[in-house]
Each structure stands twice: as C-alpha cells, then as structure tokens.
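Start counting at 1 in the sequence shown, then tack on 698, and there's your number in this note's numbering. C-beta: ideal position from N, C-alpha, C; glycine also. Note sheet for the following structure.
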Amino acid sequence: MKNKNIIIFIISLLTFISCKNSYAEIKWEKDLATAIKKAKSKNLPIMIDIYTDWCIWCKELDKNTYANEKVIETAKKIVSVKLNPETSKEGEEIAKKYGVKGYPTILFINADGFVLENVGGYVEGEKFVPYMKNAIEKLSKINALLSSKEPSLEKLDLYMESGNEEEATKLFNNLLSKKSIPEESMPKYLLGFGLIKAQKKDYEKANIYFDKIIKEYPKSEEIYISHYYKA
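What follows is the structure in structure tokens.
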C-alpha cells in the first residue's frame, strides 16, 4: 500500500509539472507605454514583436518560436509587447521610427529607445534565444556607456545605430568642435546621417550627406554606398 501511494504521488507530481509547463507562455504587455514603464523600473530590455494579421510567418513565430520552452524561459528577463502597425497608432509610429520594411520584425530596445537587436523575419524555435541573450548583454554595456557624461565616439556610434538623429547630431557637433572625430571616420558618420534621412524619406537632405562623401572622400568605401543611394 505504501509503494502504491508513492507511485500515485509521483504520477500526480509529474502530471502537475506537465500541466504547468503546458500553460507556460510569454507574458505580453498591453501596450508599449506599459512595457517601457516596467522596463525602466526593472532595468530590462524590451522585445517588440511588430506583426500584421495577414503575415503567415508572424503566426509561425507565435506557434513555434514563442512557444519554445527556452524562449519562454529567456523571456522572463525581457519585457515583451506586440504591436500591429495596421491596427494601432502606436504600432504605426514605431514601424516608422525604426524603418520597419517587412513582417515580422522583432526589435529589442532599451527603455529610452536604443536598439539592442533587430531581427527581420522568422527565426525558428530556440535559434531565437541568442538574439534575446545578446539584447540582455548589450543593455548592460549601454547602461555603462550612457552613465558617463563625457562625449565619446562610442556613445555617438550608439546614437547612430539606434537612429536617434537628434542626440547623434548634438554629440557629433560637440565632438567635431573639439576635433575629436578622426578624419578617416568622417565618411562613416556622414553616411550614417544620410541613411537616417533616407530612412525617413527625406531624400533631399540625405543627398547632401551623400554628395559630401562623393566630393570630399572619393577614396572612402562609403562612396559606393553613397552612389547607390543617389542612383
């Protein structure tokens, strides 16, 4: 009788664990504002799943990737939110801000909007985990960098990568006035500003940067990209 009770207990325990795992899922916040507030308070990265109702691969993400146990476990260290640019103003603004061209697009950002990781398209199952972990690790590096009030090229690179034109422009001009930008790095930053403008469909201003590269830095690698965008 004692052995029988032990067996029943073990079966019940395994059933409980199985049921618990079957109901495990990623917790999605109701909107970006809520996600940002939570991310700030807990110092966590934000995962934004940008999707549409007609997108087949978006549905595959829900069915396969977001249901993966390792993805669910890693998501506990991330604040997650879903946005549909076709049905919500918030989604539309985010898609425009970050230049989303296709679906699904999964953006990992910090609470201030810096891009930590950008995943375009479907990634199957646990192959998605490295992107999540990279975002978590990068957040720590960004926090350390932004905690310093000193202007630096590393901080400028961060603003450029995130498409934060306003802060990037301020810092670029600051560093330029102090002659802290190496001449060989100028084409890279000019191209960066040009691409930000092009992404915002401000092609007239984008071409000003591309023309400057073509005219003043004809031997740079960036000249080929500049010609491509001007074509």
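For the structure I just gave you, are there three or more beta carbon pairs, one from the segment 805-820 and one from the segment 852-866, closer than 8 Å?
Judged by Cβ distances under 8 Å, the segment 805-820 makes contact with the segment 852-866, as three or more pairs qualify.
DSSP state of GLY823, grouped into three classes?
One-based indexing of the sequence shown puts residue 823 at position 125. Three-state result, GLY823: helix.
Return the chain-ordered ranges of every beta strand (DSSP E) run that is complete within the segment 766-852 and spans a minimum of 3 residues.
Whole beta strand (DSSP E) segments, 3+ residues: 777-781, 803-807 and 813-818.
Excluding the 5 residues preceding and the 5 following TYR887 in the sequence, name in chain order all residues of the same chain whose CB lies nearer than 8 Å to its CB.
Residue 887 sits at position 189 when you count from the first residue of the sequence shown. Within the same chain, TYR887 has close Cβ partners LEU854, MET858, PHE870 and ILE879.
Measure the Cβ-Cβ separation of ALA733 and VAL798 and say whether it is below 8 Å.
Counted from its first residue, the sequence shown places residue 733 at position 35. Counted from its first residue, the sequence shown places residue 798 at position 100. No, the Cβ-Cβ distance between ALA733 and VAL798 is not below 8 Å.
Say whether the segment 777-790 touches the segment 723-739, bearing in mind that this needs 3 or more beta-carbon pairs closer than 8 Å, one atom from each stretch.
Yes: at least three Cβ pairs fall under 8 Å.
Helix, strand or coil for TRP726 per DSSP?
The sequence position of residue 726 within the sequence shown is 28, counting from 1. Note: TRP726 maps to strand in three-state DSSP.
Just to confirm before moving on: does the CB-CB distance between MET745 and PHE806 stay below 8 Å?
Counted from its first residue, the sequence shown places residue 745 at position 47. Counted from its first residue, the sequence shown places residue 806 at position 108. Closer than 8 Å, so yes.
Beta-carbon within less than 8 Å of PRO849's beta-carbon, same chain only, minus the 5 sequence neighbours each way: which residues are those?
Counted from its first residue, the sequence shown places residue 849 at position 151. Excluding residues within five positions, the ones whose Cβ falls inside 8 Å are LEU869, ASN872, LEU873, LYS876 and SER878.
In angstroms, rounded to a whole number, what distance separates the CA positions of GLU822 and ASN832?
Here residue 822 refers to the residue found at position 124 when the sequence shown is read from its first residue. Here residue 832 refers to the residue found at position 134 when the sequence shown is read from its first residue. Those two C-alpha atoms are separated by around 17 Å.
Check for me: the alpha helix (DSSP H) holding ILE894 runs from which residue to which?
Residue numbering aside, residue 894 sits at position 196 when the sequence shown is read from its first letter. 884-897 is the extent of the alpha helix (DSSP H) around ILE894.
State the Cα-Cα distance for the pair LYS928 and ALA793, rounded to the nearest angstrom.
One-based indexing of the sequence shown puts residue 928 at position 230. One-based indexing of the sequence shown puts residue 793 at position 95. So the two alpha carbons sit approximately 24 Å from each other.
Short of 6 Å in beta carbon distance, which residues of its chain neighbour LEU844, apart from the five on each side in sequence? Order them along the chain.
Along the sequence shown, one-based indexing puts residue 844 at 146. Cβ neighbours of LEU844 beyond the five flanking positions: none.
In whole angstroms, give me the CA-to-CA distance for LYS775 and ASP760.
Here residue 775 corresponds to residue number 77 of the sequence shown, with the count starting at 1. Here residue 760 corresponds to residue number 62 of the sequence shown, with the count starting at 1. Computed Cα separation, rounded: 19 Å.
What distance in whole Å lies between the Cβ atoms of PRO743 and ASN841, which are believed to be in contact at a cut-off of 8 Å?
Indexing the sequence shown from 1 puts residue 841 at position 143. Indexing the sequence shown from 1 puts residue 743 at position 45. About 11 Å; that fails the 8 Å criterion.
Which first and last residues belong to the alpha helix (DSSP H) in which ILE906 is found?
As a position in the sequence shown, residue 906 is number 208, starting the count at 1. Where ILE906 is concerned, the enclosing alpha helix (DSSP H) stretches over 901-914.
Should ALA773 and ILE804 be called a contact, given that it needs their Cβ atoms to be closer than 8 Å?
Mapped onto the sequence shown, residue 773 falls at position 75. Mapped onto the sequence shown, residue 804 falls at position 106. No, Cβ-Cβ distance for ALA773 and ILE804 is not below 8 Å.
With 16 other CB atoms within 10 Å as the buried threshold, where does ALA722 fall?
As a working mapping, residue 722 is identified with position 24 in the sequence shown. Exposed, by the Cβ-count rule.
Does DSSP put ASP751 in a helix, a strand or coil?
Position 53 of the sequence shown, counting from 1, holds the residue named residue 751. The answer is coil: DSSP assigns ASP751 none of H, G, I, E or B.
Could you tell me the alpha carbon to alpha carbon distance between GLU920 and TRP755, rounded to whole angstroms?
As a working mapping, residue 920 is identified with position 222 in the sequence shown. As a working mapping, residue 755 is identified with position 57 in the sequence shown. Distance between the alpha carbons of GLU920 and TRP755 is about 34 Å.
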